[in-house]
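Going down the list, the protein sequences come from chains D and X.
Residue numbering for the first sequence follows my numbering, starting at 2 and increasing by one per position.
Residue numbering for the second sequence follows my numbering, starting at 62 and increasing by one per position.
Backbone N, C-alpha and C fix where the C-beta goes; we use that ideal spot for every residue, glycine too.
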Amino acid sequence: TQLLEQSPQFLSIQEGENLTVYCNSSSVFSSLQWYRQEPGEGPVLLVTVVTGGEVKKLKRLTFQFGDARKDSSLHITAAQPGDTGLYLCAGEGGTSYGKLTFGQGTILTVHP
Amino acid sequence: DAGVTQSPTHLIKTRGQHVTLRCSPISGHKSVSWYQQVLGQGPQFIFQYYEKEERGRGNFPDRFSARQFPNYSSELNVNALLLGDSALYLCASSGGGYTDTQYFGPGTRLTVL
């Protein structure tokens, strides 16, 4: 069974601070995706990383895929209250076709 | 273009009842996946359908079933509801390729009393 361990589970910071969310597994994934989910809505895709060692930037968000394609991180620079939400990592490439394996999520709260 | 739509938005059932949840994919998408998201956890994969055929199944009991229609919309059925089935049920659509991005709908919030 493929598992993704996401940490921390909760993060409460002040506006302007930096933060990093980690996503780790003992399994190799063909790709890893990061989603953001608002209350009452479905997850919205932020980025997909495919190549080991790959780094992608999306404005103040930096995503990295581990060299062995087993782990990933999301770094937010100068967090803003609008970044508040649930962040989910999801790996693709399991034994069940088309299945995304999700981490348990990180609830981020950015205080003004 | 409309995104993935799901109905109903909210649903309250009692233990032992049956429920049907519906999903319409993005126009042009041929694949639909279903996920269960229990409060405080990440979504868990239930099924994926492509061209009306089941293409993947997660670790859920036989009380859970689904189907896909010729217009690519899909239904998720859950029989003999248990309290533990209370969750947000998410539908995602994609083009059908193995690495195609999955786009999620807003979900159906099911409460079992």
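Notebook entry, point to check: Can you find a CB in chain X that lies within less than 8 Å of the CB of Q105 (chain D)?
Noted result: yes
Checklist line | Minimum Cβ-Cβ distance from L100 (chain X) to chain D less than 8 Å | finding: no
Checklist line | Neighbouring residues, chain X, relative to P113 (chain D) (Cβ below 9 Å) | finding: Near P113 (chain D) there are no residues of chain X at all, since even the closest Cβ is about 25 Å away, more than 9 Å.
Check: Is any beta-carbon of chain X found at less than 8 Å from that of L101 (chain D)?
Finding: yes
Margin query: With a threshold of 6 Å on Cβ separation, who are the neighbours of H79 (chain X) within its own chain once the five nearest residues in sequence on each side are excluded?
Written below: N140
Notebook entry, point to check: For a contact meaning CB atoms closer than 8 Å, what does L72 (chain X) contact in chain D?
Noted result: None at all; the shortest Cβ gap to chain D is about 14 Å.
Checklist line | CB contact below 8 Å: S92 (chain X) versus chain D | finding: yes
Margin query: Please state the DSSP three-state secondary structure of G17 (chain D).
Written below: coil
Checklist line | Residue range of the beta strand (DSSP E) that includes R83 (chain X) | finding: V80 to S85
Next item on the list: Closer than 9 Å by beta-carbon distance: list the chain D residues that pair up with T162 (chain X), in chain order.
Entry: Q34, L46 and T49
Next item on the list: Buried or exposed for E16 (chain D), please, with buried defined as at least 16 other CB atoms from any protein chain shown within 10 angstroms of its CB.
Entry: exposed
Next item on the list: For my contact list, L12 (chain D) and L109 (chain D) are in at a C-beta cut-off of 8 Å; report their separation, rounded to the angstrom.
Entry: 5 Å
Next item on the list: Please name the residue, chosen from X:V99, X:F125, X:A153 and X:S147, that lies closest to Y106 (chain D) on a Cα-to-Cα basis.
Entry: Position check: residue 106 (chain D) holds Gly in this sequence, whereas Tyr was assumed. Nearest C-alpha to G106 (chain D): X:V99.
Margin query: Tell me whether the stretch 66-84 of chain D and the stretch 38-46 of chain D touch, counting them as touching only if at least three CB pairs, one residue from each stretch, are closer than 8 Å.
Written below: no
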